[in-house]
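The structure under discussion appears below in the form of C-alpha coordinates.
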Amino acid sequence: MEFDNNKPIYLQIADFVCEKILRNEWSAGGRIPSVRELGADLQVNPNTVMRTYDYLQGEDIIFNKRGIGYFVAEEAMQNIIKLNRTEFFSHQLPMIFSTMKALGITFEEIKSQYEAFLQK
(Lines of atoms letter the chains of each structure in order from A and count residues from 1; the text may use other names and numbers.)
(Lines give C-alpha, C1' and ligand atoms only; values in the text may rest on other atoms or scores of the structure.)
Protein backbone atom coordinates (compact mmCIF):
# COMPACT_ATOMS: atom_id res chain seq x y z
CA MET A 1 0.00 0.00 0.00
CA GLU A 2 1.34 3.42 -0.96
CA PHE A 3 0.47 6.31 1.32
CA ASP A 4 -0.54 9.84 0.36
CA ASN A 5 1.17 12.66 2.25
CA ASN A 6 -2.05 14.73 2.23
CA LYS A 7 -4.01 12.46 4.58
CA PRO A 8 -3.00 10.89 7.91
CA ILE A 9 -1.79 7.31 7.51
CA TYR A 10 -4.22 5.94 10.09
CA LEU A 11 -7.14 7.32 8.04
CA GLN A 12 -5.71 5.81 4.85
CA ILE A 13 -5.53 2.46 6.63
CA ALA A 14 -9.14 2.99 7.78
CA ASP A 15 -10.09 3.52 4.11
CA PHE A 16 -8.27 0.27 3.26
CA VAL A 17 -10.17 -1.65 5.96
CA CYS A 18 -13.49 -0.11 4.89
CA GLU A 19 -12.79 -1.04 1.26
CA LYS A 20 -12.19 -4.66 2.30
CA ILE A 21 -15.54 -4.65 4.12
CA LEU A 22 -17.43 -2.97 1.26
CA ARG A 23 -16.05 -5.55 -1.19
CA ASN A 24 -17.13 -8.36 1.16
CA GLU A 25 -13.54 -9.54 1.51
CA TRP A 26 -14.07 -9.12 5.26
CA SER A 27 -17.65 -10.03 6.17
CA ALA A 28 -19.87 -8.92 9.04
CA GLY A 29 -19.05 -10.86 12.18
CA GLY A 30 -15.78 -12.07 10.70
CA ARG A 31 -12.39 -11.69 12.31
CA ILE A 32 -9.99 -9.17 10.79
CA PRO A 33 -6.18 -9.15 11.00
CA SER A 34 -4.68 -8.34 14.38
CA VAL A 35 -2.95 -5.02 14.93
CA ARG A 36 0.45 -6.68 14.50
CA GLU A 37 -0.62 -8.68 11.43
CA LEU A 38 -1.99 -5.66 9.60
CA GLY A 39 0.98 -3.55 10.65
CA ALA A 40 3.35 -6.14 9.18
CA ASP A 41 1.26 -6.52 6.00
CA LEU A 42 1.18 -2.75 5.39
CA GLN A 43 4.69 -2.15 6.76
CA VAL A 44 3.55 0.41 9.33
CA ASN A 45 4.00 0.75 13.06
CA PRO A 46 1.44 -1.31 15.03
CA ASN A 47 0.62 1.88 16.99
CA THR A 48 -0.66 3.40 13.74
CA VAL A 49 -2.90 0.38 13.13
CA MET A 50 -4.10 0.61 16.75
CA ARG A 51 -5.08 4.23 16.13
CA THR A 52 -6.97 3.09 13.01
CA TYR A 53 -8.78 0.36 14.93
CA ASP A 54 -9.68 2.80 17.73
CA TYR A 55 -11.12 5.18 15.12
CA LEU A 56 -13.10 2.40 13.40
CA GLN A 57 -14.45 1.16 16.74
CA GLY A 58 -15.64 4.70 17.45
CA GLU A 59 -17.52 4.64 14.14
CA ASP A 60 -19.07 1.22 14.97
CA ILE A 61 -17.39 -0.43 11.99
CA ILE A 62 -15.34 -2.96 13.96
CA PHE A 63 -15.42 -4.23 17.53
CA ASN A 64 -12.98 -5.95 19.86
CA LYS A 65 -13.57 -9.23 21.65
CA ARG A 66 -11.06 -9.00 24.44
CA GLY A 67 -8.41 -11.67 24.15
CA ILE A 68 -9.77 -12.92 20.83
CA GLY A 69 -9.30 -10.09 18.34
CA TYR A 70 -11.11 -7.57 16.18
CA PHE A 71 -14.24 -8.32 14.19
CA VAL A 72 -16.41 -6.59 11.58
CA ALA A 73 -19.55 -5.13 13.15
CA GLU A 74 -22.92 -6.33 11.83
CA GLU A 75 -23.86 -2.76 10.86
CA ALA A 76 -20.43 -1.99 9.35
CA MET A 77 -21.63 -1.61 5.73
CA GLN A 78 -24.30 0.94 6.63
CA ASN A 79 -21.90 2.84 8.89
CA ILE A 80 -19.21 2.96 6.20
CA ILE A 81 -21.70 4.28 3.65
CA LYS A 82 -22.93 6.87 6.15
CA LEU A 83 -19.35 7.91 6.93
CA ASN A 84 -18.44 8.14 3.22
CA ARG A 85 -21.58 10.18 2.45
CA THR A 86 -20.75 12.60 5.27
CA GLU A 87 -17.19 12.94 3.94
CA PHE A 88 -18.47 13.50 0.41
CA PHE A 89 -21.02 16.16 1.33
CA SER A 90 -18.80 18.01 3.80
CA HIS A 91 -15.43 17.92 1.99
CA GLN A 92 -15.52 16.68 -1.60
CA LEU A 93 -18.71 18.33 -2.84
CA PRO A 94 -17.69 21.86 -1.74
CA MET A 95 -14.43 21.42 -3.70
CA ILE A 96 -16.40 20.26 -6.74
CA PHE A 97 -18.69 23.30 -6.44
CA SER A 98 -15.66 25.58 -6.18
CA THR A 99 -14.14 24.06 -9.33
CA MET A 100 -17.48 24.27 -11.16
CA LYS A 101 -17.76 27.95 -10.28
CA ALA A 102 -14.19 28.70 -11.37
CA LEU A 103 -14.65 26.88 -14.69
CA GLY A 104 -18.19 28.10 -15.34
CA ILE A 105 -19.64 24.58 -15.36
CA THR A 106 -23.42 24.42 -15.01
CA PHE A 107 -25.56 21.83 -13.27
CA GLU A 108 -27.05 20.96 -16.66
CA GLU A 109 -23.59 20.02 -17.94
CA ILE A 110 -22.96 17.94 -14.85
CA LYS A 111 -26.35 16.25 -15.22
CA SER A 112 -25.69 15.27 -18.85
CA GLN A 113 -22.24 13.92 -17.94
CA TYR A 114 -23.72 11.98 -15.03
CA GLU A 115 -26.44 10.49 -17.23
CA ALA A 116 -23.80 9.45 -19.79
CA PHE A 117 -21.78 7.88 -16.98
CA LEU A 118 -24.80 5.87 -15.82
CA GLN A 119 -25.32 4.54 -19.37
CA LYS A 120 -21.86 2.92 -19.40
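Per the numbering used here, the very first residue in the sequence shown carries number 7; after that it's consecutive. Note that CB positions come from ideal geometry on N, CA and C, so glycine has one too. Computed from a predicted structure; not experimentally measured.
Classify Leu62: buried if its beta carbon has 16 or more other beta carbons within 10 angstroms, exposed otherwise.
buried
Is the stretch 77-91 close to the stretch 46-57, with three or more CB pairs under 8 Å?
no
If we ignore side chains and look at the alpha-carbon of each, how far apart do Lys107 and Asn70 end up?
46 Å
Range of the contiguous beta strand (DSSP E) that encloses Gly75
Gly75 to Val78
Check whether the Cβ of Tyr61 lies closer than 7 Å to any Cβ atom in chain C.
Structure shown: chain C not included; a single protein chain is present.
What residue from Asn12, Asn11 and Gly36 has the CA that sits closest to Val23's CA?
Gly36
At what residue ranges does the stretch 74-109 contain a whole run of the beta strand (DSSP E), taking only runs of 3 or more?
75-78
Distance between Trp32 and Thr54 (C-alpha atoms, nearest Å):
20 Å
How is Asn53 classed by DSSP in three states: helix, strand or coil?
helix
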